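*Asks:*
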Amino acid sequence: MTTIYSARWVVPGATEPLENGAVAVEGQRIAGVGPHAEVVARFPEFKVESLGDAIIFPGLVNTHTHLELTAMRGYLENEETDFFAWLRKLTVARLELMTADDIRVSATWGACEAVRAGITCVHDASDSAVMSMPALMDVGLRGVVYQESFGPDARLARENFEKLKTKVEELRAVESELVRAGVSPHAPYTVCGPQLELIAEFSRAERLPLMMHAAESAAEESFVREGCGAFAEGLARRAIEWKAPGVSTIQYLKQVGVLDTSPLLAHCIRVDEVDIAVLRDTRSQVAHCPKSNAKLGHGRAPFAKFLDAGLALGLGSDSVASNNTCDILEEARFATLMARAGGEHVTSSQALRVATFGGELIEGAHADLAVVSLTGAHQLPSYDPIATLIFASSGRDVILTVVAGREVYRNGRVSNVDEDRLRARMSEIRHRLNG
Ligand SMILES: [Zn+2]
């Protein structure tokens with residue numbers, strides 16, 4: 009497809025916003041970005057799409073989510089004060105109440121919600137990755153689907169690792185150019201040290217991206233530092249041995265080799281200055297999930313310190329079971345306001361860079377972009393497009409989402425799937441989960 013998208017504003021990412029700007033798209037790539045007249049003169053044969061009073065900006069990236077759990081939006085409100093109970097109810101629902109097709113429908117609905125909110129790329133951790141991966145593909149998203157691995161019992165580490173390898177093999181058979189496979193050892197309290205070592209080695213040898221929950225809850229911190237608390241008690245009840253390493257989660261993940269994989273670590277709330285330096289030196293990436301962290305009462309990650317350290321930093325909605333929406337613009341506003349509430353200063357430009365995971369509208373880049381309409385009462389007047397995006401807009405103002413040059417969402421409709429059928433199926437799943 010050869011198209012020029014033009015609008016009142018183009019926000020390229022690393023450079024200054026362009027008033028009356030345009031972006032030329034040829035196939036899956038951006039062919040040019042600049043003032044409208046210049047771009048049209050350079051590509052006279054391209055079709056011109058004028059989007060009017062709107063902002064074109066790099067596609068948003070959700071760096072940590074679980075799309076398969078979309079059917080659990082609002083399902084766990086009564087368990088939120090007890091993380092252990094929350095995880096247990098979620099796990100029972102996913103493994104015992106949801107069918108394979110339910111998982112796929114749930115993930116597809118989550119993928120629809122993402123493109124509706126201007127998200128063009130997702131990093132999705134899934135227990136049923138082979139179901140979640142086609143969901144991303146059906147909707148037209150870019151992303152990585154990370155097959156999860158569980159196993160706190162060191163005696164079963166090898167067996168659980170072999171199960172993961174088999175699942176990854178199945179997943180790799182369905183990979184595409186846009187959607188790749190990864191691995192996700194779930195968390196320090198659900199995967200034992202020997203299994204973490206095996207998975208880290210596998211990730212490096214096979215060049216598989218690795219995502220993991222890290223330094224999230226107080227219960228996790230007690231578990232890793234002192235070997236006590238709800239997670240330790242849970243293992244003791246199952247006669248599973250656990251010897252706490254007695255260090256921070258980040259130091260522990262360094263010891264077992266996870267940080268040698270340039271992992272994508274979700275949450276990182278309970279980190280100190282030394283941990284942040286270790287994250288930077290190991291080129292670890294952080295998925296900051298401020299709304300999920302706040303909703304579950306886990307605390308506040310040091311967002312401004314991450315920015316100061318120059319970490320590879322993105323935003324994650326986490327699953328909608330703990331958020332309850334997948335909306336990275338809203339997440340960016342929340343992250344910025346929470347940082348400021350804590351006395352740290354984060355600018356709207358910094359927030360947008362994080363929300364797009366450093367994405368840029370630049371010649372030769374992937375043609376992944378989002379368009380926010382500026383016609384809402386809540387946005388008028390608009391003096392600065394980036395401030396309007398971060399402080400006055402949300403995913404609900406998105407009118408167009410383009411991934412690899414394809415329009416995956418436009419004018420209120422997700423292009424490639426039957427949303428009415430999915431809506432009806434989501435209602436059936438809700439009834440099943442409610443018993
Ligand atoms: Zn998560």
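One rule links them: number in the working numbering = place in the sequence shown (from 1) + 8.
Beta carbons are placed, not taken as given, at the ideal position from N, Cα and C, and that holds for glycine.
Because the structure is a prediction, the values reported are computed rather than measured.
Rounded to the nearest angstrom, how far is the Cβ of residue 76 from that of residue 115, given a contact under 8 Å?
*Replies:* About 5 Å; that satisfies the 8 Å criterion.
*Asks:* Quick one, which of 281, 137, 272 has its alpha-carbon nearest residue 291's?
*Replies:* Comparing Cα-Cα distances from residue 291 to each of 281, 137, 272, the minimum goes to 272.
*Asks:* Name the DSSP bridge partner or partners of residue 10?
*Replies:* Paired residue(s): 34.
*Asks:* What are the boundary residues of the alpha helix (DSSP H) that includes residue 145?
*Replies:* Unbroken alpha helix (DSSP H) run through residue 145: 137-147.
*Asks:* Which first and last residues belong to the beta strand (DSSP E) in which residue 155 is found?
*Replies:* That run of the beta strand (DSSP E) goes 150-157.
*Asks:* Sort 342, 125, 154 by Cα distance to residue 136 and report the nearest one.
*Replies:* When only C-alpha atoms are compared, the closest one is 154.
*Asks:* Look up residue 80 in the DSSP assignment and say whether it is helix, strand or coil.
*Replies:* Three-state DSSP puts residue 80 in a helix.
*Asks:* Compute the Euclidean distance between the alpha carbons of residue 425 and residue 110, then round it to the nearest angstrom.
*Replies:* Each residue's Cα considered, the two are about 16 Å apart.
*Asks:* Could you give the first and the last residue of the continuous alpha helix (DSSP H) run that contains residue 219?
*Replies:* Here residue 219 belongs to no alpha helix (DSSP H); instead the beta strand (DSSP E) covers 219-222.
*Asks:* So, is residue 234 buried or exposed, given that buried needs 16 or more other C-beta atoms within 10 angstroms?
*Replies:* Exposed.
*Asks:* State yes or no: is the C-beta of residue 448 nearer than 7 Å to some heavy atom of ligand 1?
*Replies:* It is not possible to answer for residue 448, since the shown part of the chain is limited to 9 through 443.
*Asks:* In the DSSP assignment, find the unbroken beta strand (DSSP E) run with residue 55 in it and report its ends.
*Replies:* From DSSP, the beta strand (DSSP E) with residue 55 extends over 55-58.
*Asks:* If you follow the alpha helix (DSSP H) that residue 425 is part of, which residue opens it and which one closes it?
*Replies:* Element bounds for residue 425: n/a, residue is neither H nor E.
*Asks:* Thinking residue 380 and residue 397 are a contact (beta carbons under 8 Å), I'd like their distance in whole angstroms, please.
*Replies:* At roughly 6 Å, the Cβ-Cβ gap stays under 8 Å, so residue 380 and residue 397 are in contact.
*Asks:* Taking just the CA atoms, how far does residue 52 sit from residue 311?
*Replies:* Distance between the alpha carbons of residue 311 and residue 52: 44 Å.
*Asks:* To which residues of the same chain is residue 97 closer than 7 Å at the C-beta, ignoring the five residues directly before and after it?
*Replies:* The residues are 84, 87.
*Asks:* Taking a cut-off of 7 Å, which residues have a beta-carbon closer than that to any heavy atom of ligand 1, in chain order?
*Replies:* This selection yields 72, 74, 133, 221, 274, 326, 327.
*Asks:* Assuming residue 142 contacts residue 180 (C-beta within less than 8 Å), just tell me the rounded distance between them.
*Replies:* 14 Å between Cβ atoms; not a contact.
*Asks:* Would you call the CB atoms of residue 305 and residue 73 closer than 8 Å?
*Replies:* Against a cut-off of 8 Å, the Cβ pair of residue 73 and residue 305 comes out as no contact.
*Asks:* Name the two residues that bound the continuous beta strand (DSSP E) containing residue 386.
*Replies:* Where residue 386 is concerned, there is no enclosing beta strand (DSSP E), given that its DSSP letter is neither H nor E.
*Asks:* Let's test the definition: count the other Cβ atoms within 10 Å of the Cβ of residue 103 and tell me whether it reaches 16, buried, or not, exposed.
*Replies:* Classification for residue 103: exposed.
*Asks:* Please name the residue, chosen from 252, 131, 269, that lies closest to residue 322 on a Cα-to-Cα basis.
*Replies:* It is 131 whose Cα lies nearest to the Cα of residue 322.
*Asks:* Below 6 Å CB to CB, which residues in the same chain sit around residue 217 once its five sequence neighbours on both sides are set aside?
*Replies:* Contacts found: 152, 190.
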